Amino acid sequence: MAAGICVFAFLVVVFVSQSARFSKAYLTGPIVFLVVGGVVGRTLVDAVAEGAAIQTLAEVALVLVLFHDAAELQPRELRADSAFTARLLLVGLPLTIGAGYLLARALFPEIGVWLALLLAAALAPTDAGLGAATVSTSRAA
């Protein structure tokens, strides 16, 4: 697990220092961490022996992703697009949580209803982060 933590810490430093280059390539933090986390999880980590450490690392990664998205929120823009924001929060977010719940129940049938709902609600805000670079860029296609 120490190797996984070292890779994660190194990735955070590299991503922060090279974020301008990553954004030019349409790579957001969530997508970079998702890919590297998958590779590290499959190669460097023994999931059975190190479950608690993996959970802690996953929580830290989720906090970083959510904090990054929240730090970019501009209140002026939020007020200007209040109708769009209301639709996203009142329609889009519940639909995303519902779809996440159904997917969690399909992928992990042994977990309970409440855990599947918690998983869906925790992961719903990160869905938008994966595609943020494609919709927030000012460059013309």
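Quick note, in the working numbering, the sequence shown goes up one by one and the last residue is 161. Glycine residues also receive a C-beta, built at the ideal position from the N, C-alpha and C atoms. The structure displayed is predicted, hence computed values, not measured ones.
Mapping DSSP to helix, strand and coil, what is residue i?
i: Gln94; result: coil
i: Ile117; result: helix
i: Phe104; result: helix
i: Thr63; result: helix
i: Leu143; result: helix
i: Ile25; result: helix
i: Ala72; result: helix
i: Gly58; result: helix
i: Pro129; result: coil
i: Leu135; result: helix
i: Ala45; result: coil
i: Ala161; result: Per-residue confidence for Ala161 stands at a pLDDT of 48, beneath the threshold of 50, marking its modelled position as unreliable; the derived number appears in the next sentence. Here Ala161 sits in coil by DSSP.
i: Val34; result: helix
i: Glu79; result: helix
Just tell me which of the options has its CA closest to the CA of residue i.
i: Leu111; options: Leu77, Ala144, Ser39; result: Per the sequence shown, residue 111 should be read as Val rather than Leu. It is Ala144 whose Cα lies nearest to the Cα of Val111.
i: Ile25; options: Arg41, Leu113, Gly61, Ala45; result: Gly61
i: Val59; options: Leu31, Leu47, Thr48, Arg41; result: Leu31
i: Pro50; options: Phe87, Ser37, Glu97; result: Phe87
i: Leu84; options: Ala136, Leu138, Val33; result: Val33
i: Gly118; options: Leu138, Ala45, Ala40; result: Leu138
i: Leu113; options: Ala142, Arg41, Glu130, Ala100; result: Ala142
Cβ of residue i within 8 Å of Cβ of residue j?
i: Ala126; j: Ala140; result: no
i: Leu77; j: Phe28; result: yes
i: Val55; j: Phe35; result: no
Please check the pair residue i and residue j, which I expect to be a contact at CB under 8 Å, by giving their CB distance rounded to whole angstroms.
i: Gly57; j: Ala81; result: 7 Å
i: Thr105; j: Leu98; result: 6 Å
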